[in-house]
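Heads up: the protein sequence lines correspond to chains D and Y, in order. 88 is the number that the working numbering gives to position 88 of the first sequence; each next residue is one higher, with no gaps. 216 is the number that the working numbering gives to position 216 of the second sequence; each next residue is one higher, with no gaps. Reading through the structure tokens given below for one structure.
Protein chains: 2
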Amino acid sequence: MPLGPTLKHVQVREYVRDLIQDLPEGAPAPSERGLMQHFGVARMTVRQAIDALVSEGLLERAPARGTFVCKSPRPVSRPLSFAEDARARGWNVTTETLQTGLGQAGPGVAKALGITVGDSVVHWRRRRRHDDVPLCYQDVYLNEILLPGFLQTGLPDSLYSLLAARGLRPTAAEDQLSADLAHAVDADLLDLEIGDPVLRHSRRGLVGDIVIELSRSVYAGARYTWWSPLTVSP
Amino acid sequence: MPLGPTLKHVQVREYVRDLIQDLPEGAPAPSERGLMQHFGVARMTVRQAIDALVSEGLLERAPARGTFVCKSPRPVSRPLSFAEDARARGWNVTTETLQTGLGQAGPGVAKALGITVGDSVVHWRRRRRHDDVPLCYQDVYLNEILLPGFLQTGLPDSLYSLLAARGLRPTAAEDQLSADLAHAVDADLLDLEIGDPVLRHSRRGLVGDIVIELSRSVYAGARYTWWSPLTVSP
DNA sequence: TAGTGGTCTAGACCACGAA
DNA sequence: TCGTGGTCTAGACCACTAA
């Protein structure tokens, strides 16, 4: 059997792909043994074709039952904004802007944003409350070069919606979390006592390879548990 | 050939995984025919093992040349074990097993593992040190039904390598983190004072839809910052 | 009981790269 | 020329589900 212009497992794969694209979710795909007979090929060849479609997320196998069209095209994991996170929890959250302004990047901010010390950065400090109780405050730093006139556009509650409007919503994020005791500033902004537990969160938001956002948040430890991006909300 | 407790292609896969993790990028992996002889299995079985590692992004095939360790392990979005996390940081970490045993699931553990209160669970408590300083302690709970005889197999340092050998390494995880103050137990196990900051971490490790692992860790807050799975180590 | 997917065998030929 | 991965065959037994 010479290597034809189209491989057998490719023929089978594309045949099945066409077949299932008009099928409703959960519908049964042809069985492996049925495809063997239909194409006159070996079982392994059919399995190779089906494997490809399974790894594409189009089909799912159910041992002893059959192969079926996937219900849910695989779950997208993208960084959640604070507002989205709060909505997933069913929380009623309000936001105060405490401070905005243009500044010069210090060493830490410059390194995180991938720019040079002294470059122009947008700074935005907000406090979020849940049922009127302070939950956290957040310092966001943005590369001003990437977002000219950012502060003139009127700041909404959700940073990510603003970035999304410019096509710059982070598609990936690097999060860091650590536990600490409240300092004077933390205690003041969050209605805590000095020495109460706080959760410090730092995020670099990325679009491809470029860093869009650096945010540093301080949460009242007793009022908040951080969920990882993979956590499925109830 | 009966269905052994560990599948052949899993054995081959994990053998190769261990083998290549210490290899530099671009190094050649064992050839398929070499693995056939080494394990006394058929070619298709070896290919199934290698296919899995390729789709994980650990290996890449080069037709007519061989199979090689991936240069740029694509941003792995799989949960890292503590051992892998420590290695990524370049830390020298030691592990003590403080307690092991079979117990009955309480309400919290049962709910997290998706089993019934009173079902048999494996409990394993370890303390990890970094340069001899206590870093954290971890309580792991496993569904005994899924891992019969788990405690009899000899417990290595890495839980995930043990799960991987059974083909049950988590492919997804739900992590939760919160900040708290050290209680008496925490202070005792981590050489802290009561009231020092601690980072509490809870993870449900999933393989597909089934929960394999529940772990609860307590980190000394001043000694550890948690990195999200997306964080690329330098 | 019949059918399904999961695993596994023991071969085969091909196209290609390196020596 | 030799070894590599890519493809393919024609079977086999298993555990499981559904009728």
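No residue lacks a Cβ here, since even glycine has one placed at the ideal position from N, Cα and C.
For SER217(D), no chain Y residue has a C-beta closer than 9 Å to its own C-beta; the minimum C-beta separation is roughly 12 Å. From the beta-carbon of THR225(Y), the residues of chain D found nearer than 8 Å are GLN176, LEU177, SER178. Counting along the chain, THR6(Y) sits inside no alpha helix (DSSP H), nor does DSSP assign it H or E at all.
With fewer than 16 other CB atoms across the displayed protein chains lying within 10 angstroms of its CB, ILE145(D) is exposed. Close to PRO170(Y), with beta-carbon spacing below 9 Å, lies no residue of chain D; the smallest spacing is near 10 Å. In this chain, the alpha helix (DSSP H) harbouring PHE82(Y) covers 82 to 89.
Not a single C-beta of chain D is nearer than 9 Å to the C-beta of LEU113(Y). For a Cβ distance threshold of 7 Å, residue set ALA179, ASP180, LEU181, PRO197 of chain Y lies close to PRO197(D), ordered along the chain. Between the C-alpha atoms of LEU214(Y) and VAL41(Y) there is a straight-line separation of about 35 Å. ASP139(Y) and SER217(Y) have their alpha carbons spaced roughly 6 Å apart. One thing to note: VAL69(Y) has its Cβ within 9 Å of the Cβ of LEU59(Y).
In this structure, LEU35(D) sits near VAL46(D), with a CB-CB distance shorter than 9 Å.
At least one beta carbon of chain D lies nearer than 9 Å to the beta carbon of SER228(Y). For TYR137(Y), the beta-bridge partners assigned by DSSP are ARG127(Y), VAL218(Y).
Between ARG43(D) and GLN48(Y), the alpha-carbon positions lie close to 15 Å from each other. Contact between ALA222(Y) and PRO134(Y) fails: their C-beta atoms lie close to 12 Å from each other, not under 8 Å. Excluding the 5 residues flanking it on each side, GLU193(Y) has same chain C-beta neighbours closer than 8 Å at ALA182, ALA187, in chain order. At a cut-off of 9 Å between C-beta atoms, GLY103(Y) does not count as an interface residue with respect to chain D.
Residues of the region 54 to 68 of chain D with a Cβ closer than 7 Å to any Cβ of chain Y, in chain order: SER55. With contacts defined by Cβ atoms closer than 9 Å, LEU189(Y) and TRP226(Y) do not form a contacting pair.
Inclusion of ARG129(Y) and VAL185(Y) in the CB contact set at 9 Å is not warranted, their separation being larger than that value.
ALA184(D) has a beta carbon lying at 9 Å or more from every beta carbon in chain Y.
In chain D, no part has a C-beta under 8 Å from the C-beta of GLY108(Y); the shortest such distance is about 14 Å. Contact annotation for GLY221(Y) against chain D: SER178, ALA179, ASP180 [CB-CB distance below 7 Å, chain order]. Under the three-state reduction of DSSP, GLY103(Y) is assigned to strand. Contact annotation: the region 116 to 130 of chain D does not touch the region 168 to 176 of chain D, with fewer than three C-beta pairs closer than 8 Å.
Annotated as proximal: LEU102(Y) and LEU151(Y), with beta-carbon spacing under 9 Å.
In the three-state DSSP reduction, THR116(D) falls in the coil class, being neither helix nor strand.
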